[in-house]
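Asker:
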Amino acid sequence: MHSESGNTQTYLHDKTTSSLPTNTRNVLGDMSSKQTYSFCFCFRRRFRLPVSEAPPEIRTLFDRYSDQNGVMTATHLRSFLAEVQREDNATEEEAQTIIDGHKHLSIFHRRGLNLESFFNYLFSHHNNPPLSPSIGVHQDMSSPLSHYFIYTGHNSYLTGNQLSSDCSDIPIINALQKGVRVIELDIWPNESKDNVDVLHGRTLTSPVALIKCLRSIKQHAFVASEYPVVITLEDHLTPDLQAKVAEMITRTFGDTLFAPTSKSLKEFPSPESLKRRVIISTKPPKEYLEAKEVQETEEEPQQEKPADDEEAWGKEVPSLRGGTISDYKNIEDDDVLDDEEDIDEAEKSRQDAADEYRRLIAIHAGKPKGGLTECLKVDPDKVRRLSLSELQLEKAAETHGKEIVRFTQRNILRVYPKGTRITSTNYNPLIGWMHGAQMVAFNMQGYGRSLWLMQGMFKANGGCGYVKKPDFLLKVGQNNEVFDPKAHLPVKTTLKVTIYMGEGWFHDFKHTHFDKFSPPDFYARVGIAGVPNDTVMKKTEKVEDNWSPSWNQVFEFPLAVPELALLRVEVHEYDMSEKDDFGGQTCLPVWELRSGIRAVPLYSRNGDKYANVKLLMRFEFI
Numbered sequence: 008m009h010s011e012s013g014n015t016q017t018y019l020h021d022k023t024t025s026s027l028p029t030n031t032r033n034v035l036g037d038m039s040s041k042q043t044y045s046f047c048f049c050f051r052r053r054f055r056l057p058v059s060e061a062p063p064e065i066r067t068l069f070d071r072y073s074d075q076n077g078v079m080t081a082t083h084l085r086s087f088l089a090e091v092q093r094e095d096n097a098t099e100e101e102a103q104t105i106i107d108g109h110k111h112l113s114i115f116h117r118r119g120l121n122l123e124s125f126f127n128y129l130f131s132h133h134n135n136p137p138l139s140p141s142i143g144v145h146q147d148m149s150s151p152l153s154h155y156f157i158y159t160g161h162n163s164y165l166t167g168n169q170l171s172s173d174c175s176d177i178p179i180i181n182a183l184q185k186g187v188r189v190i191e192l193d194i195w196p197n198e199s200k201d202n203v204d205v206l207h208g209r210t211l212t213s214p215v216a217l218i219k220c221l222r223s224i225k226q227h228a229f230v231a232s233e234y235p236v237v238i239t240l241e242d243h244l245t246p247d248l249q250a251k252v253a254e255m256i257t258r259t260f261g262d263t264l265f266a267p268t269s270k271s272l273k274e275f276p277s278p279e280s281l282k283r284r285v286i287i288s289t290k291p292p293k294e295y296l297e298a299k300e301v302q303e304t305e306e307e308p309q310q311e312k313p314a315d316d317e318e319a320w321g322k323e324v325p326s327l328r329g330g331t332i333s334d335y336k337n338i339e340d341d342d343v344l345d346d347e348e349d350i351d352e353a354e355k356s357r358q359d360a361a362d363e364y365r366r367l368i369a370i371h372a373g374k375p376k377g378g379l380t381e382c383l384k385v386d387p388d389k390v391r392r393l394s395l396s397e398l399q400l401e402k403a404a405e406t407h408g409k410e411i412v413r414f415t416q417r418n419i420l421r422v423y424p425k426g427t428r429i430t431s432t433n434y435n436p437l438i439g440w441m442h443g444a445q446m447v448a449f450n451m452q453g454y455g456r457s458l459w460l461m462q463g464m465f466k467a468n469g470g471c472g473y474v475k476k477p478d479f480l481l482k483v484g485q486n487n488e489v490f491d492p493k494a495h496l497p498v499k500t501t502l503k504v505t506i507y508m509g510e511g512w513f514h515d516f517k518h519t520h521f522d523k524f525s526p527p528d529f530y531a532r533v534g535i536a537g538v539p540n541d542t543v544m545k546k547t548e549k550v551e552d553n554w555s556p557s558w559n560q561v562f563e564f565p566l567a568v569p570e571l572a573l574l575r576v577e578v579h580e581y582d583m584s585e586k587d588d589f590g591g592q593t594c595l596p597v598w599e600l601r602s603g604i605r606a607v608p609l610y611s612r613n614g615d616k617y618a619n620v621k622l623l624m625r626f627e628f629i
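Using this note's numbering, you'd call the opening residue of the sequence shown number 8 and step up by one each time.
Here it is in structure tokens:
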């Protein structure tokens, strides 16, 4: 597999090639003008090096907003910002600041921008990004937690697959640094039964000590966001070890820990009131095991689907697991007590220990006994968290869609990956979000289109890890009706997307990465992930043998629910004989897109931003 990164710019412009690998020397020629590839051992192909030029529409706009001498003054630029970029509040002073920032690119810098400097300004993702960098957290953060989608991890301690990867605090740190706000820990007695480890119930590798995970959470919890971190505990402990966990948590987090004063909350507090606080959410061990038994019997093994890189939500995996978790006894067999008085004393001791643990739980979890209707009942006097697997949610949505929406208006719904996702793949998060599920739990260890959507959703609201749910998921009508996820809604707006061109691959990739014999043949895929009727993908034509492809194509996307729509963009390099090569991706929340012409940076499969790869695009709502 080719490396997707690495700065090759240094040696590509160095005339000395003797120390370079053979395959690198093959692409070196007169780097000031042309690039040479070896072909069939005895032939050489020469290509002009990429030179980014302003697309025709940019030239037309520059002519319209500049004087007869080809200079765009602050007055002209302010008009352009207001009329094309839809920045209605832009001032001439702000326009002059833009001009001053690009004065080294224009000989007319004292008066304004020329075409080259105007094009460079538009194509700068630092100065002209698709999402506003300055507004930060801008949504109302004073509503209850249940009114927000929350960036949620699943089995946050695993370094890789769900069966044999190591347990570590490193994935937890990585997740927190990326803005994840919900960390899941599976806690078990250690080998000697006198302390607590974080361990997956089916993993074959060594555990990591709970205290190490807690300390790492404390250290990194608020690096990316000051809004609350929720720790969900999947608890397999005896009451005495629960008391030990309570002591660990209390000592580690101190005043940072949010512990409710009442036994149960009537309404969840707001993210604003919980800034820089840590919240514990769990259920008692017995309830956990009963729920897990039900989950394992409900989830039938899934047949493996063919690996298809074009699947919208990523690849499926075969079932490699079976059976259920065995009950963990509260008292060891050789510690059975004979005396009735001793039993009462032991029971009281265990109850006291359990009470210490229970007092720390702010978000109570668990499934009520009974069917789905009972699970989704809304109690006006207390709130709770319910967990469903992706399969359970899909099944429930068929018959109880509106009930799920009603439940999530006050309570929290956590959705987690099905048990057959051994390789830590993920599912379509939209099914959770369109039903109001706050905690759509994802495996953060890998990559894939589903995870790109998750990352795209939480670019919204300043990347703080909390995104306010759309009003239609929170409102109740005059006749007590709620949003129906199955309803066919009329088109509310149409997003018009123009993709002009791209550049940066020449600097961020080795020059034989895409093709050993010629420059790459790039094409782009552009589409929407959202409610079923809004979801679509479209594709540009491929541009052959060009490191800076110009597509200049327009796509229109009618949207019934723009509040849940994510714009998906991928770039691939066409390969006639093999699978097309990956060239970058991004996913952006439609409701936060800045209208106008914007520079859109692209990301690797793992979600890391490339240093130079970007697209020039235009967004219009019509």
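For glycine and all other residues, C-beta sits at the position ideal for the given N, C-alpha and C.
Identify which residue in P137, F628, E100 and F130 has its Cα closest to the Cα of G119.
Answerer: Comparing Cα-Cα distances from G119 to each of P137, F628, E100 and F130, the minimum goes to E100.
Asker: Under 7 Å Cβ to Cβ from D491, same chain only, skipping five residues before and after it: list those, please.
Answerer: Answer for D491: G408 and K409, listed in chain order.
Asker: Can you find the residues in the same chain that come closer than 7 Å, C-beta to C-beta, to D340, ignoring five residues on each side of it along the sequence?
Answerer: Low per-residue confidence applies at D340: pLDDT is 30, beneath 50, and the placement is therefore not dependable enough to give any value.
Asker: Between H161 and N450, which are expected to be in contact by the criterion C-beta below 8 Å, what is the C-beta distance as a whole number of angstroms?
Answerer: Yes, H161 and N450 are in contact; Cβ-Cβ is about 5 Å, under 8 Å.
Asker: Is it right to say T159 is buried, meaning 16 or more other beta carbons lie within 10 angstroms of its own, or is it exposed?
Answerer: Buried, because 16 or more other Cβ atoms sit within 10 Å of the Cβ of T159.
Asker: Counting along the chain, where does the alpha helix (DSSP H) carrying S86 start and finish?
Answerer: It spans A81 to E90 - the alpha helix (DSSP H) in which S86 sits, taken as one unbroken run.
Asker: Tell me which same chain residues have a C-beta within less than 7 Å of the C-beta of K185, skipping the five on either side of it?
Answerer: Answer for K185: A231, listed in chain order.
Asker: What three-state label does DSSP hand V550 in the structure shown?
Answerer: Residue state, collapsed to three classes: strand.
Asker: At the level of alpha carbons, what is the spacing between S223 and E397?
Answerer: Each residue's alpha carbon lies about 29 Å from the other.
Asker: How should P526 be labelled, buried or exposed, when 16 other C-beta atoms within 10 angstroms of its C-beta is the threshold for buried?
Answerer: By the neighbour-count rule (16 or more Cβ atoms within 10 Å), P526 is buried.
Asker: Which residue from S175, L573, I218 and F562 puts its Cα closest to that of T542?
Answerer: Comparing Cα-Cα distances from T542 to each of S175, L573, I218 and F562, the minimum goes to L573.
Asker: Which value, in whole angstroms, describes the spacing of the CA atoms of D173 and T166?
Answerer: So the two alpha carbons sit approximately 6 Å from each other.
Asker: With DSSP collapsed to three states, give me the class of F529.
Answerer: Strand.
Asker: Just verifying my parser: in three-state terms, what is the DSSP assignment at H133?
Answerer: Looking at H133 - three-state DSSP - the assignment turns out to be coil, as it is neither helix nor strand.
Asker: With DSSP as the reference, label K282 as helix, strand or coil.
Answerer: Coil.
Asker: For P375, I'd like the list of residues in its chain whose CB is within less than 8 Å of its CB, leaving aside the five on either flank, ordered along the chain.
Answerer: Contacts found: E381, C382 and K384.
Asker: If you draw a straight line from the alpha carbon of Q146 to that of N134, how long is it in whole angstroms?
Answerer: When rounded, the distance between both Cα atoms is 23 Å.
Asker: Just to confirm, is the Cβ distance from V597 to L502 under 9 Å?
Answerer: Contact: yes.
Asker: Are the Cβ atoms of N559 and M624 separated by less than 9 Å?
Answerer: No; because the gap between Cβ atoms is not below 9 Å, this pair is not in contact.
Asker: Which residue from A81, V187 and V390 puts its Cα closest to that of L152?
Answerer: Per the Cα distances, V390.
Asker: Output the boundary residues of the beta strand (DSSP E) element that contains T239.
Answerer: Segment V236 to D242, the beta strand (DSSP E) holding T239.
Asker: Measuring CA to CA, which of M148, Y423, H132 and I238 is closest to I179?
Answerer: Considering only alpha carbons, the answer is I238.
Asker: Using only alpha-carbon positions, find the residue among N435, E570, F275 and V189 that is nearest to I157.
Answerer: Out of N435, E570, F275 and V189, V189 has the C-alpha closest to the C-alpha of I157.
Asker: Can you tell me the Cβ-Cβ gap for F564 and I535, rounded? I've got them flagged as a contact below 8 Å.
Answerer: Sure, about 5 Å apart at Cβ, within 8 Å.
Asker: Among R456, T427, E90 and V187, which residue has its Cα nearest to the Cα of Y473?
Answerer: Residue V187 is the option with its Cα nearest to Y473.
Asker: Assess, as a yes-or-no matter, whether the segment 483–500 is touched by the segment 256–266 under the definition of 3 or more beta carbon pairs within less than 8 Å.
Answerer: Flag = no, the segment 256–266 and the segment 483–500 do not touch.
Asker: Rounded to the nearest angstrom, what separates L566 and N487 at their Cα positions?
Answerer: Straight-line Cα distance between these residues: approximately 26 Å.
Asker: Sort out for me which residues DSSP pairs Y473 with in a bridge.
Answerer: Answer is I157, bridged to Y473.
Asker: Determine, using beta carbons only, whether T432 and G463 come nearer to each other than 9 Å.
Answerer: No; because the gap between Cβ atoms is not below 9 Å, this pair is not in contact.
Asker: In or out: D107 buried (at least 16 other Cβ within 10 Å) or exposed?
Answerer: D107 comes out exposed.
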